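Here's the structure we're looking at; comments come further down.
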Amino acid sequence: MRIGSIELGDRPVFLAPMEDVSDPPFRLLCKRFGADLLYTEFISSGGLVYGAGGSHQKLDFYDSERPLAIQIFGGEIEQVREAAAIVDAAGPDIIDINFGCPVKKVVCKDGGAGILRNLPKMEAITAAVVEQATRPVTVKTRLGWNDQSIRIVEVARMLENVGVQALAVHARTRAQMYRGDARWQWLRKIKEESGISIPLIGNGDATTPEKIEAMFEETGVDAVMVGRGAIGNPWIFRDLKVYRETGEVPPPPTWQERMAVVAEHLTLKCEWLGERKGVLEMRRMYGGYFKGFRNASRLRMLMMEEETREGALEVLLNFREDDDAPRVAVSARPAGMSAAMKAKLPVPATRRKALAG
24 MRIGSIELGD
34 RPVFLAPMED
44 VSDPPFRLLC
54 KRFGADLLYT
64 EFISSGGLVY
74 GAGGSHQKLD
84 FYDSERPLAI
94 QIFGGEIEQV
104 REAAAIVDAA
114 GPDIIDINFG
124 CPVKKVVCKD
134 GGAGILRNLP
144 KMEAITAAVV
154 EQATRPVTVK
164 TRLGWNDQSI
174 RIVEVARMLE
184 NVGVQALAVH
194 ARTRAQMYRG
204 DARWQWLRKI
214 KEESGISIPL
224 IGNGDATTPE
234 KIEAMFEETG
244 VDAVMVGRGA
254 IGNPWIFRDL
264 KVYRETGEVP
274 PPPTWQERMA
284 VVAEHLTLKC
294 EWLGERKGVL
304 EMRRMYGGYF
314 KGFRNASRLR
324 MLMMEEETRE
334 GALEVLLNFR
344 EDDDAPRVAV
354 SARPAGMSAA
364 MKAKLPVPAT
374 RRKALAG
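According to my numbering, the sequence shown is numbered sequentially starting from 24.
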């Protein structure tokens, strides 16, 4: 499969754009575990144009993340066009437009899935971005606003005609939010009835290696995008590759393996954002990492109390998960990011440009 000139291999699997999740530290982990394409958090077009809310920081990425897509959203045509120019200058491999976010504060201004109520405007916004960009433009959307307005087959044709080079579809309506089962039959319908030649990327309930492969088999999509299934579980990409090779899903990571990844994620967060902000923002990730383990709630509570990286790592690597995991010696605690690890993390592309200029 390819998007524009970007070769992504056969049946690739992507990390979805997720707010407060798909930042550079998490993307690096997913890349290491085998994600074929990474998406940034969605970025407000208005925030980019007016320099608000830390939007420009979300443009930063490491060259080692490539191929990478930066996703934007917005409901004002000229504002999205201007934002696309800003994103284009940041140098991602792909620019993606979010026409799928179901959150009220986004859809009320025709952003995200809100645009599904106004398909001519959706077409105009997409055309503006395609015209502005010097790299492939893709779209992520949903089946429709509600069950009475599902026109995704028509939308797929329209987006290809405008110049979109790949289409990702979350197989739920906006009205469904994340409730109920994703309706994969609509992905098959798009493949069979739309006549589009651009890649179709399936999204929705692809939460395990078995489900990812089932989506490929049942729908005929060209790629699968993993969202919630990767939260606290970046090794889902590795597990998929093992499943494809052996027909068996590998056992879950041991307690020690899981804690080592949490420690690495925390360290990357602190290196990226600074210690205080990194420790605070990492707190929202602990629930996913600790889910399913005995005493997980107690560990999460202890981690939430820590305000320094040193303290958080101390708790992590000395916590005993009852009888299921041996105690890890304090001496094994990493003092920070190693020189070897730092060497793999060059100055992010957009920051490098700023320094050069």
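C-beta atoms are modelled at their ideal positions from N, C-alpha and C, and glycine is treated no differently.
Being a predicted model, the structure only gives us computed values, none of them experimental.
In summary, Arg197 is buried, with 16 or more beta-carbon neighbours lying within 10 Å of its beta-carbon over all protein chains present.
Counting the other CB atoms within 10 Å of its CB gives Ala112 a total below 16, which places it among the exposed residues. With a 10 Å radius around the Cβ and a threshold of 16 neighbouring Cβ atoms, Met145 comes out buried. The alpha carbon of Asp86 has as its nearest neighbour, out of Gln94, Ser68 and Asp116, the alpha carbon of Asp116. Cβ atoms of Ala205 and Asp170 stay farther apart than 8 Å, at about 14 Å.
Taking the CA atoms as reference points, Thr269 sits about 10 Å from Leu263. A Cβ-Cβ distance of about 21 Å is found for the pair Ser28 and Leu38, leaving them out of contact under the 8 Å criterion. Taking all protein chains shown into account, Pro48 has 16 or more neighbouring C-beta atoms within 10 Å of its C-beta and is therefore buried. The Cβ atoms of Arg323 and Phe316 lie no closer than 8 Å to each other.
The straight-line gap separating the alpha-carbon atoms of Thr231 and Gly252 is approximately 7 Å. With contacts defined by Cβ atoms closer than 8 Å, Asn226 and Ala191 form a contacting pair. For a cut-off of 8 Å, the C-beta gap from Glu216 to Val176 is around 5 Å, short enough to register as a contact. In terms of Cβ geometry, Ala246 and Leu71 do not form a close pair [threshold 8 Å].
Between Gly134 and Gly98 the beta-carbon gap is near 5 Å, inside 8 Å, which marks them as a contact.
For the pair Pro35 and Met24, the CB atoms are nearer than the 8 Å cut-off. Every beta strand (DSSP E) stretch that sits fully inside the segment 91 to 133 and reaches 3 residues is listed by chain position as 91 to 96 and 117 to 122. Bridge pairing for Phe65: Gln94 [DSSP]. Membership of His193 in the beta strand (DSSP E) is indicated by the continuous run Leu190 to His193. In the displayed model, Phe37 falls within a strand according to three-state DSSP. In the structure shown, the three-state DSSP call for Leu182 is helix. In this structure, Asp43 sits near Glu64, with a CB-CB distance shorter than 8 Å. The continuous beta strand (DSSP E) containing Val249 extends over residues Ala246 to Val249. Per the DSSP secondary-structure output, Leu60 pairs in a beta bridge with Phe37. In this structure, the beta-carbon distance from Ala156 to Ala107 falls below 8 Å.
Counting other Cβ atoms within 10 Å of its Cβ, Pro125 reaches 16 or more and is therefore classed as buried. With fewer than 16 other Cβ atoms from the protein chains shown falling within 10 Å of its own Cβ, Met200 counts as exposed. Judged by DSSP in its simplified three-state form, Lys214 adopts helix. Inclusion of Leu223 and Lys212 in the CB contact set at 8 Å is not warranted, their separation being larger than that value.
Beta-bridge partners assigned by DSSP to Leu223: Leu190. In the displayed model, Lys292 falls within a helix according to three-state DSSP.
Listed in chain order, the non-local C-beta contacts of Phe239 below 6 Å within the same chain comprise Arg34, local neighbours out to five positions each way being set aside. Beta-carbon to beta-carbon, Gly311 and Ile254 are separated by about 4 Å, close enough to satisfy the 8 Å threshold. Arg55 is positioned such that its CB atom lies no closer than 8 Å to that of Glu88.
Annotation: the continuous beta strand (DSSP E) that includes Thr164 extends over Val160 to Arg165. Here DSSP, grouped into helix, strand and coil, assigns Glu30 to strand.
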